[in-house]
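**Q** In my numbering, the protein residues as written are 15 to 606.
(1) What is the DSSP secondary structure of residue 591, reduced to helix, strand or coil?
(2) Over the uninterrupted alpha helix (DSSP H) stretch that includes residue 168, give me the two end residues.
(3) Residue ranges of each alpha helix (DSSP H) run of no fewer than 4 residues wholly in the region 210-280, ordered along the chain?
(4) Write down the C-beta distance between residue 168 and residue 146 rounded to the nearest angstrom, noting that I regard them as a contact closer than 8 Å.
(5) Would you mind sorting residue 520 into buried or exposed? The rule is 16 or more other CB atoms within 10 Å of its CB.
(6) Relative to the C-alpha of residue 183, which candidate in 94, 194, 209, 172 has its C-alpha closest?
(7) Determine the contact status of residue 291 and residue 258, defining contact as a CB-CB distance below 8 Å.
(8) On the DSSP letters alone, give me the boundaries of the beta strand (DSSP E) that residue 492 sits inside.
(9) Between residue 531 and the ligand FMN, is the CB less than 7 Å from at least one heavy atom?
(10) So, is the C-beta of residue 257 closer than 8 Å to a C-beta in chain B?
(11) Would you check if the distance between the CB atom of residue 552 and the CB atom of residue 586 is smaller than 8 Å?
(12) Taking the alpha carbon of residue 497 as the reference point, which residue from 505, 489, 482 has its own alpha carbon closest?
(13) Any idea what DSSP makes of residue 79, helix, strand or coil?
(14) How about residue 570 and residue 577: do their beta carbons lie closer than 8 Å?
(15) If we count Cβ pairs, one from each stretch, closer than 8 Å, do we get three or more for the region 59-69 versus the region 82-95?
(16) If you reduce the DSSP assignment to three classes, tell me which class residue 497 lands in.
(17) If you pair each beta-carbon of the region 124-133 with each one of the region 527-536, do three or more pairs fall below 8 Å?
(18) Within the same chain, show all residues whose beta-carbon is closer than 7 Å to that of residue 98, passing over the 5 residues directly before and after it, in chain order.
(19) List the whole-angstrom C-beta distance separating residue 112 from residue 83, where the pair is believed to meet the contact cut-off of C-beta under 8 Å.
(20) According to DSSP, is residue 128 part of a helix, a strand, or is it coil?
(21) Residue 548 lies in the beta strand (DSSP E); which residues open and close that run?
(22) Put residue 313 into one of helix, strand or coil per three-state DSSP.
(23) Whole angstroms are fine: how far does the CA of residue 475 sit from the CA of residue 509?
(24) Express the C-alpha separation of residue 53 and residue 495 in angstroms, rounding to a whole number.
(25) May I ask you to report which of helix, strand or coil DSSP gives residue 195?
(26) Check whether the region 258-271 and the region 224-240 are in contact - that is, three or more C-beta pairs closer than 8 Å.
(27) Starting from the Cα of residue 71, find the closest Cα among 204, 45, 56 and give me that residue.
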């Protein structure tokens, strides 16, 4: 009964949110085509819609919710960059359901509240009403009954205008089950009676049968046996003969009711009847199994017959061949020498070809070993070079902080002392200019030291360091930078985190220097086995095939290769640039 309730509740919401491009389930090829159309030319809305459908496709195929949750979150992030607010709130409402299923009720309610305010502001009564029902359900699961009741009242008022009786029945059924779980059978019976009344208004026989059975069932649990018997009999009359499971459950409860009323013959009769229906269900299952076995046996027999025919055909062909060989013996004898020479030449040529293939394969293996050795040497050299760069960065940053910073601080103190001795100097324009230049020098020195050795990365982790990096870029004429992160980011190797920070730093500096953008998106996403680093801008773009070296891409490529990751750059003139770096993680990295 709980499965039926959940299915009905979700079905009501699917019907409420009906929008063809969202609710039509796409095939794998259709999703790939939609994603391809969204990438070139760049269309964020198509990309978002493709990721939305990919989430549901992946969940339906694998039954695993984690990947679907990540894809849906990515879809929401892409919708946020478009002007389609309805699609953004629609996808967030679905994401909120996933959060509630993960017991993240507070986050789910926050998303639902924002979506509710949007649909209320745009006058979408249907979606507003259904979101009220959703939020009431989440609060009820949290145990905050007062808020759940307030939302239910608001839903009832709205649904009085909307008049969605099916939704009202679904909500009532959910409350009936909730009361029953708490042992409040009288309340459950009352709720089932209300649901039955609504079902009779719209003449839905399936809901009517459920309502009659539920009133009788909860009356039995509440020990009101006469009321239970009355409604169970009504359910027995209304239940269709084809619904054997419902009829079996009705007979079982009627048997228990008659037993409670000390009417043992009738209790025994309905117990037998429930057993007979159970036997019928079992027979149906057995017949289905027999049909499957019969089909398999029939297929096996046909395969045997085909094999026999093939063997007979082969035997006939072999007999005919022997007869032909017997008739052609003289011709074969005359051609034996020529055939022998032919086979000798062919065998020699075959051996030569085999030797060439073996030689080529050996050469290819040797070349592959050489390439592997070169790659290993490159990686070791790159590792040493990057380690040397970081060591030199740390040394220079320390020198800037200790030596140059100390000297500048001493100079500033000396200037302050001189100003204190002669206060009139503070009004001198040249003196003010010197102090201003000194302050700028101190700030620039600190900025350079922080860029060369990001202390936030070592102290607070990758996400905080990247947020600090993005926040430091501000001022007039500087693009607006949006930073987003998805995932846990726990236990990431320090070397991987440092190189990921440097990659984002290189890409961000390159964008600020060359892209002439107004908006920059910096996004980092962690799944179970990889990190994804994304930097996008709406700048002038460029042709990746004709890009000259020396614009920061070399360092990014080297670091990605060092991390055994992949670098992907998508750009065209006037269309902005999207750079994606994926870095693999071991099984222990990134897990709390």
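Where a beta carbon is used, it is the ideal one built from N, C-alpha and C, also for glycine.
Since this is a predicted model, take the numbers as computed values, not measurements.
**A** The answer reads as follows:
(1) The answer is strand: DSSP assigns residue 591 an E or B state.
(2) 159-176
(3) 219-235, 239-252, 258-274
(4) Between residue 146 and residue 168 the Cβ distance is about 5 Å, and since that is below 8 Å, they are a contact.
(5) buried
(6) 209
(7) yes
(8) Premise fails: residue 492 is in no beta strand (DSSP E) and is neither H nor E.
(9) This structure lacks the ligand FMN; in fact it carries no ligand of any kind.
(10) Going by chain labels, chain B is absent from the structure shown, which holds only one protein chain.
(11) no
(12) 482
(13) helix
(14) no
(15) yes
(16) strand
(17) Taking a contact to require three or more Cβ pairs closer than 8 Å, the region 124-133 and the region 527-536 do not qualify as touching.
(18) 59
(19) 5 Å
(20) helix
(21) 544-551
(22) Note that residue 313 scores 34 on pLDDT, short of 50, meaning its location in the model is unreliable and no value can be drawn from it.
(23) 12 Å
(24) Annotation: residue 495 to residue 53 spans about 22 Å, alpha carbon to alpha carbon.
(25) Looking at residue 195 - three-state DSSP - the assignment turns out to be helix.
(26) yes
(27) Answer by Cα proximity: 45.
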